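**Student:**
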Amino acid sequence: MTLLLLEALGALVLLVFIVWWTMFSGRKKGELPDAAEREKQEEKPPSS
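When we follow the numbering used here, the leftmost residue of the sequence shown carries the number 168, and every step to the right adds one.
1) If you draw a straight line from the C-alpha of A178 to the C-alpha of T189, how long is it?
2) Can you grab the Cα-Cα spacing for the pair G175 / T169, in whole Å?
3) Return the CA-CA distance between D201 and W187, expressed in angstroms with no decimal places.
4) From I185 to F191, what distance separates their C-alpha atoms?
Okay, here's the thing in structure tokens:
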């Protein structure tokens, strides 16, 4: 029974790691690239 629980825990850890890796791979500080652009646009006053 302990072996089954350890195996299930290992599978869960592997699943969480894979999801985390695919979500944040290649991002600077975990942010979406266009999120920084939206922040810059919000800081600028309207040009009209």
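Even glycine gets a Cβ: it sits at the ideal position worked out from N, Cα and C.
Given the structure is predicted, the values throughout are model-derived calculations rather than measurements.
**Tutor:** Based on what the coordinates show:
1) As a first step, residue 178 is located in the sequence shown; it is residue number 11 there, counting from the start. As a first step, residue 189 is located in the sequence shown; it is residue number 22 there, counting from the start. Each residue's Cα considered, the two are about 17 Å apart.
2) Taking the first residue of the sequence shown as 1, we reach residue 175 at position 8. Taking the first residue of the sequence shown as 1, we reach residue 169 at position 2. Residue identity check: residue 175 is Ala in the sequence provided, not Gly. C-alpha separation (whole angstroms): 10 Å.
3) Translated into the one-based positions of the sequence shown, residue 201 becomes position 34. Translated into the one-based positions of the sequence shown, residue 187 becomes position 20. So the alpha carbons of these two residues sit roughly 20 Å apart.
4) Translated into the one-based positions of the sequence shown, residue 185 becomes position 18. Translated into the one-based positions of the sequence shown, residue 191 becomes position 24. About 10 Å.
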